[in-house]
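In case it helps, our numbering puts the sequence shown at residues 1 to 498. As structure tokens, the structure follows; a few thoughts come after it.
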Amino acid sequence: MAKLNKDILFLIFEELQVDSKTLFSCLMVNKIWCETVIPILWRNPWRYEINYSNKNYLFMIIASYLSDDIKEFLTRQGIQLPSVSFQSLLFDYLSFCRSINVNTLNTITSIGSSLAYNQFLLQQEFYCLFMKKFPELNCLDMNLIKHQIFYIPEAKNCLESLCELKCDTSIDPSYFYGLARICQYIQRLIIVNVVTKPNSGIAKLIEVQKNLKYFEWTDDFDVDYFTDDPYKESFLELEKKAGFLNHLILFFLHIDSFDYTILQSLLPKLHNIKTLKTNEFYFIGFTADERIMLNTLVYNDLEILNIDYITIGETSIIIENSGGHLKEVSLKPYDFIYSQDNFSDESLIFIRKIYENCPLIEYLSLAFLPCKNHLIEFEKLLQVCQNLKLLLLITSNYYETKEEILENRKEILKILIRSAPTNLREIRFFNDFNLPLEVLEEFFEKWRGRPALSILTSNFTYEGKDYKNLIDKYKNNGVIKNFKYVSYVYVEDMNYKI
């Protein structure tokens with residue numbers, strides 16, 4: 001392993017770039033491994049889930065690049081600086097760096113002084129240093145920023161290459177005006193909306209973009225009414241870029257009486273969208289009476305559809321108008337199981353739309369009534385969708401007797417045994433999908449010989465001692481990989497990993 005070609009090592013370490021613990025251990029193997037890992041670690045040294053407040057060596061390395069006159073000035077201010085010089089370092093670490101995380105850098109500079117003014121001075125000198133030493137800047141997370149780095153003489157050459165920007169709406173608009181003058185090729189823009197008033201600077205930054213592919217907006221405020229519209233100005237500019245977007249992620253906090261329908265004009269223009277995620281859909285304005293508007297949402301390249309609150313019928317329309325590339329359909333439709341009068345018919349149509357239009361589907365939330373017609377269509381879906389890896393089952397038993405509920409659940413398990421694709425590795429049972437011990441054991445026994453299965457459930461029944469003993473037995477036999485009881489919040493979250 002230690003004698004692997006350096007190019008091969010680089011490809012391996014690239015796959016491990018977010019795993020600091022493993023990369024740090026690789027540094028110690030030999031010189032070639034160390035020389036290969038260092039540029040990867042230092043490309044974005046602020047990304048790791050470690051305590052940066054005690055990383056004196058990181059502070060020491062960055063401070064060693066400061067010129068003698070700057071060090072002398074900072075020392076006179078009472079800032080503690082290491083005596084090591086840049087020339088004594090084994091690598092030119094900053095030449096590998098392509099990112100800045102303001103919050104992490106603030107934490108690191110606190111090592112030099114506990115005084116706010118001294119930290120401000122030290123941060124300013126570090127930013128000047130970065131603008132000089134970084135060949136380019138690809139990613140900037142500027143939440144909590146205090147310095148207008150675009151005025152640094154070398155900033156223009158460095159910032160012109162910015163590909164990803166993370167920010168929040170509390171930052172003064174003037175800061176975004178400064179960035180808009182230089183950063184016009186941002187591909188990923190991630191915004192946290194922490195104030196409930198418009199930010200004209202963000203709108204201007206969106207306006208000047210020429211290659212925006214990914215846009216994410218997350219509400220994170222604590223008010224129950226708006227005096228101003230915090231969305232309109234920015235989303236009107238985003239609408240002009242809609243045809244270029246590949247990924248749109250929106251998480252809104254619902255404010256009663258506020259009109260969110262500005263998004264109605266944005267959604268039909270997402271002609272090249274691949275990922276569409278939002279936590280809300282109903283208040284955007286596509287009500288049952290306006291469903292005809294959903295037919296304008298034609299997404300031929302759509303791969304990921306992740307919408308929390310949307311009816312099965314609305315989803316079916318979007319799926320029918322997709323181009324056959326969908327790999328994930330993740331919904332939270334269980335609220336409609338009991339409230340939607342025509343849920344039985346709509347869910348049957350939904351199952352058909354999946355196997356007719358989604359041959360590549362890998363991750364699927366499936367809500368249906370476990371009656372004969374639905375079970376027949378469910379089995380057909382399993383037979384057609386051979387790429388399916390994860391299946392979340394949401395079934396209703398609202399109008400059934402206990403005996404009917406058990407028989408239907410047993411039939412679902414039989415169908416899974418009979419027709420589940422070989423790629424299926426994880427099944428999630430939502431809420432009260434509980435099974436008698438002997439039924440669960442029969443399912444495990446018949447699954448034997450297939451790839452080990454992971455099961456996620458929000459039903460506390462499976463925490464019982466007898467169930468745990470049974471699960472452990474089939475884990476030891478290689479039938480079950482994982483069997484975990486968690487909150488329903490995690491069961492429904494496709495991003496949650498067992």
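Each residue gets a CB set at the ideal place from its N, CA and C atoms; glycine is no exception.
Mark residue i as exposed unless 16 or more other C-beta atoms lie within 10 angstroms of its C-beta, in which case mark it buried.
i	result
H254	exposed
R450	exposed
K332	buried
V479	buried
L266	buried
S458	buried
G78	exposed
R418	exposed
S234	buried
H271	exposed
R409	buried
E438	exposed
P436	exposed
M28	exposed
S316	buried
T227	exposed
I8	exposed
N199	buried
E14	exposed
When DSSP labels each residue in this structure, what does residue i get in the three-state scheme?
i	result
L391	strand
V192	strand
R428	strand
F134	coil
S344	helix
A155	helix
I307	strand
L364	strand
T227	coil
I351	helix
E160	coil
L456	strand
Y488	helix
F483	strand
K277	strand
C26	helix
E15	helix
F378	helix
L121	helix
L129	helix
S83	coil
S257	coil
Please name the residue, chosen from the options, that lies closest to residue i on a Cα-to-Cα basis.
i	options	result
E492	Y363, S344, G478	Y363
E207	Q184, S344, N157, Y127	Q184
N103	I182, S88, L140, L129	L140
E441	S257, K473, T218	K473
L305	L115, L250, C163	L250
D220	I12, L90, F252, T296	F252
F343	C371, L360, L276, G324	C371
L121	P135, N138, K146, M131	K146
L238	Y57, K210, T227	K210
S88	A63, N423, I394, I361	A63
E216	V489, F126, C167	C167
F509	L391, K327, L129, D259	Examination of residue 509 is not possible in this model, given that the chain is present from 1 through 498 alone.
I415	S161, I405, Q383, L302	Q383
T196	I149, V37, V223	V223
M60	I108, E72, R47	I108
M494	S454, L297, S330	S330
L326	V194, E303, K132	E303
For the beta strand (DSSP E) that residue i lies in, which residues bound it at each end?
i	result
H325	Looking at the DSSP string, H325 is not in any beta strand (DSSP E), and its letter there is neither H nor E.
E164	164-168
N101	99-101
I249	247-251
C34	Not the beta strand (DSSP E): C34 falls in the alpha helix (DSSP H), residues 31-43.
F215	214-219
How would you write the range of the alpha helix (DSSP H) that residue i sits in, first residue to last?
i	result
Y474	465-476
E404	402-419
Y175	173-182
E237	232-241
L66	It is not in any alpha helix (DSSP H) - L66 carries neither H nor E in the DSSP assignment.
C385	Taken as a continuous stretch (DSSP letters only), C385 belongs to no alpha helix (DSSP H), as it is neither H nor E.
W46	From DSSP, W46 is part of no alpha helix (DSSP H); its letter is neither H nor E.
L263	263-266
Measure the beta-carbon distance from residue i to residue j and round it to whole angstroms, keeping in mind my assumption that it falls under 8 Å.
i	j	result
I501	Y299	Since the first and last residues shown for the chain are 1 and 498, residue 501 lies out of range.
Y355	L375	No, Y355 and L375 are not in contact; Cβ-Cβ is about 14 Å, not under 8 Å.
S99	E136	Not confirmed; about 10 Å, so no contact.
P359	L388	P359 to L388, Cβ: 10 Å. No contact.
Any Cβ of chain D within less than 8 Å of the Cβ of residue i?
i	result
A452	Of the protein chains in the structure, only one exists, and it is not chain D.
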